[in-house]
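In this text, residue positions in the sequence shown follow this note's numbering: the first is 1250, and each later residue adds one.
Notes follow the structure.
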Amino acid sequence: MQSSPSTTLSCGRYLTALLRAELRGEQPPEKPEDVSFEELYRMAKRHGLETMSYDAVSKLRTLPEDDLWTRWRASRDANSAKNMVQRTHRDRILTELSRKGIDVLPLKGSLLIEMYPKPDQRQMSDLDILIRGEQREQVRQCMTELGYHVDRFEVTNEDTYSQKPFMHIEMHHQLFAVISSFSQLRDYYSDPWIRSIPDEGMEHRYHFSWEDYYIYLLAHLYKHFSGGGSGIRNVMDIYVFLRQHGESLDRMYLQKELNKIGLDDFRQTMERLAEQWFGDNGQKTSTVEEEIEETIFTSGAYGMRSSSRLHNIQRMEEKYSSELIGKMAYLIRLVFPSYDRIIVKYPQFKGKQKILPLLWIYHIGYKILFDRERISGNIKAIIEYGNASDGKGEDE
């Protein structure tokens, strides 16, 4: 059963109030009557926040019923164990790669996690590391030696590796894919290594300045937010980062660089929202539009596919100056994707560009047999477009 907008807002705002109390070491507020613990848990799980929310709820006078509380505790314990394993593997991978002469630069959550008051509370889905494109083969050999399975190699801007039960590593040689629609970001990060700084006393280990780290954090958030929405955790990351490094940042440099990629207004909006949810005034202020809040609350950790579809249709409409032609172009792209998109979906066909028509047949058959839900979602988006509000994003 889908929550009403007012219920979603109430639940989301209460969840951020719980997170705020945990971040600041304060007693969390008791649950309001219009929010159920079941709904709160579902939202926390959708946003990858089970651990921190559990720790906050455990301090309340009234706890969830036993069955839900048992499930919540199990989720919290599993994520805490996963967090510990991820951090251990992160350090081992970075050490081993640099020992073999491979340049590495940790990205996003792998650094942010250490900025949290309790690092085990900040959940991660995967580990992201920047490498040099010419060293991808060396990285593959090293990761294989470390017991990782090669999931995808030399297909997109990132090679992916996994190890059961839950380790997932993304080795980026570019920060934005060639086929990405975010051309300004893609061009700005065409060579991310020009912003790298060697770690003192650690050969082959690099980092961004905190200004450049923050710019990339915002760029990555923007990609997800405009690609269908983004989660509460990403806004919380902004608050945690600024609380630790905000006063030392070169704001003139930030503004200049963010203006180059058109993200300074976005930065201001996200910073206001982070302060509204987690800052000194808590939620006493109301400086950010409810629409933005609701977009985030109704997303998961990485956004909503439905909003993504609508935005892709909108982009096609703008390109061809016609709603009908835009819908047709969107449909054609789904049924007959480019070779670059084909190998992202089916990396086993890398190097088979000459048989693209046969790959289209395979793609259509695969969708009919195994992905009917996404077919129906795309058809629904095409039918409903025009009545829906503007969506955001990248699909597929």
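Beta carbons are placed, not taken as given, at the ideal position from N, Cα and C, and that holds for glycine.
**Asked** When you compare each of 1402, 1465, 1573 to residue 1358 by their alpha carbons, which one comes out closest?
**Response** Cα-wise, what sits closest to residue 1358 is 1465.
**Asked** Could you give the C-beta distance for residue 1433 and residue 1511, rounded to a whole number, given that I count them as a contact under 8 Å?
**Response** At roughly 6 Å, the Cβ-Cβ gap stays under 8 Å, so residue 1433 and residue 1511 are in contact.
**Asked** Under a Cβ-count criterion, where at least 16 other Cβ atoms within 10 Å of its own Cβ denotes burial, should residue 1390 be classed as buried or exposed?
**Response** Here residue 1390 is exposed, its C-beta having fewer than 16 other C-beta atoms within 10 Å.
**Request:** Can you have a look at residue 1398 and say buried or exposed, based on whether 16 or more other CB atoms are within 10 angstroms of its CB?
**Result:** Exposure of residue 1398 is indicated by the presence of fewer than 16 other C-beta atoms within 10 angstroms of its C-beta.
**Cβ pair count under 8 Å reaching 3, the region 1446-1455 against the region 1325-1339** = Touching, no, given that fewer than three Cβ pairs across the two stretches are closer than 8 Å.
**Asked** Is residue 1494 helix, strand or coil when you go by DSSP?
**Response** In the displayed model, residue 1494 falls within a helix according to three-state DSSP.
**Item:** Whole-angstrom distance between residue 1569 and residue 1416, CA atom to CA atom
**Value:** In a straight line, the C-alpha of residue 1416 is about 43 Å away from that of residue 1569.
**Asked** In the structure shown, what three-state DSSP assignment does residue 1363 receive?
**Response** Residue state, collapsed to three classes: helix.
**Message:** Please list the terminal residues of the continuous alpha helix (DSSP H) segment that includes residue 1612.
**Reply:** Per DSSP, residue 1612 belongs to the alpha helix (DSSP H) from 1605-1619.
**Request:** Please say whether residue 1545 and residue 1610 have beta carbons closer to each other than 9 Å?
**Result:** No, they are not a contact pair.
**Prompt:** Touch check for the region 1306-1319 and the region 1405-1421: three-plus C-beta pairs under 8 Å?
**Reply:** No contact exists between the region 1306-1319 and the region 1405-1421.
**Asked** Which partner residues does residue 1454 have in the DSSP bridge list?
**Response** In the DSSP assignment, the residues bridged to residue 1454 are 1353.
**Prompt:** When you compare each of 1547, 1497, 1484, 1494 to residue 1517 by their alpha carbons, which one comes out closest?
**Reply:** Comparing Cα-Cα distances from residue 1517 to each of 1547, 1497, 1484, 1494, the minimum goes to 1484.
**Touching by the beta-carbon criterion (3+ pairs, under 8 Å), the region 1343-1360 and the region 1321-1332** = Output reads no: the region 1321-1332 does not touch the region 1343-1360.
**Residue from 1502, 1369, 1577, 1270 with nearest C-alpha to residue 1326** = Nearest of 1502, 1369, 1577, 1270 to residue 1326, Cα basis: 1369.
**Request:** Might you give, ordered along the chain, the residues of its own chain that have their beta carbon closer than 6 Å to the beta carbon of residue 1392, omitting 5 neighbours on each side?
**Result:** Cβ neighbours of residue 1392 beyond the five flanking positions: 1410.
**Request:** Specify, as a first and last residue, the run of the alpha helix (DSSP H) that residue 1517 falls within.
**Result:** Element bounds for residue 1517: 1513-1527.
**Prompt:** So, helix, strand or coil for residue 1410, using DSSP?
**Reply:** Residue 1410: strand per DSSP, three-state reduction.
**Asked** Given residue 1445, which residues of its chain have a CB within under 6 Å of its CB, disregarding the five upstream and five downstream residues?
**Response** Cβ-Cβ distances below 6 Å link residue 1445 to 1354, 1455 in the same chain, with the five nearest sequence neighbours on each side left out; the list follows chain order.
**Message:** Taking the alpha carbon of residue 1460 as the reference point, which residue from 1441, 1526, 1497 has its own alpha carbon closest?
**Reply:** Comparing Cα positions, the closest option is 1497.
**Prompt:** Roughly how many angstroms separate the alpha carbons of residue 1468 and residue 1297, rounded to a whole number?
**Reply:** One Cα belongs to residue 1468, the other to residue 1297, and the distance between them is close to 20 Å.
**Prompt:** Is there contact here, the region 1375-1382 with the region 1300-1307, by at least three beta-carbon pairs under 8 Å?
**Reply:** Flag = no, the region 1375-1382 and the region 1300-1307 do not touch.
**Item:** For residue 1418, the residue or residues it bridges with in DSSP
**Value:** The beta-bridge partner set that DSSP reports for residue 1418 consists of 1376, 1410.
**Asked** Are residue 1588 and residue 1602 close, meaning C-beta to C-beta below 9 Å?
**Response** The answer is yes: Cβ separation under 9 Å.
**Request:** Take every Cβ of the region 1280-1291, pair it with every Cβ of the region 1261-1269, and state whether three or more of those distances are shorter than 8 Å.
**Result:** The region 1280-1291, when compared against the region 1261-1269, does touch it at the 8 Å Cβ threshold.
**Inter-residue spacing [alpha-carbon to alpha-carbon] between residue 1425 and residue 1377** = If you take the alpha carbons of residue 1425 and residue 1377, they lie about 13 Å apart.
**Prompt:** Looking only at DSSP bridge pairs, what is residue 1398 linked to?
**Reply:** Answer by DSSP bridge pairing, in chain order: 1411.
**Rounded separation between residue 1442 and residue 1606 - CA only** = The alpha-carbon separation between residue 1442 and residue 1606 amounts to approximately 38 Å.
**8 Å contact criterion, which residue 1471 and residue 1515 should meet: CB distance rounded** = The beta-carbon distance between residue 1471 and residue 1515, rounded to whole angstroms, is 6 Å. This is short enough to meet the 8 Å contact definition.
**Message:** Quick check: what's the CA-CA separation for residue 1279 versus residue 1494?
**Reply:** Spanning the two alpha carbons is a distance of roughly 31 Å.
**Prompt:** Taking the C-alpha atoms as reference points, what is the distance between residue 1575 and residue 1629?
**Reply:** If you take the alpha carbons of residue 1575 and residue 1629, they lie about 15 Å apart.
**Asked** What residues in its chain sit with their C-beta under 6 Å from that of residue 1373, if we drop five residues either side in the sequence?
**Response** Non-local C-beta neighbours of residue 1373 in its own chain, meaning closer than 6 Å and more than five positions away in sequence, comprise 1335, 1358, ordered along the chain.
**Request:** Leaving aside the five residues before and after residue 1396 along the sequence, list all residues of the same chain whose C-beta is less than 8 Å from its C-beta, in chain order.
**Result:** If we look at residue 1396 and ignore the five residues flanking it on each side, its Cβ neighbours are 1412.
**Message:** For residue 1362, count the other beta carbons within 10 Å of its own beta carbon; 16 or more makes it buried, fewer makes it exposed. Which is it?
**Reply:** Burial call: buried.
**Asked** CB of residue 1389 to nearest heavy atom of the ligand FMN: below 8 Å?
**Response** As presented, the structure is devoid of all ligands, the ligand FMN included, so that no description of it is given.
**Request:** Could you please give me the residues that DSSP links to residue 1445 through a beta bridge?
**Result:** Residue 1445 pairs with 1457.
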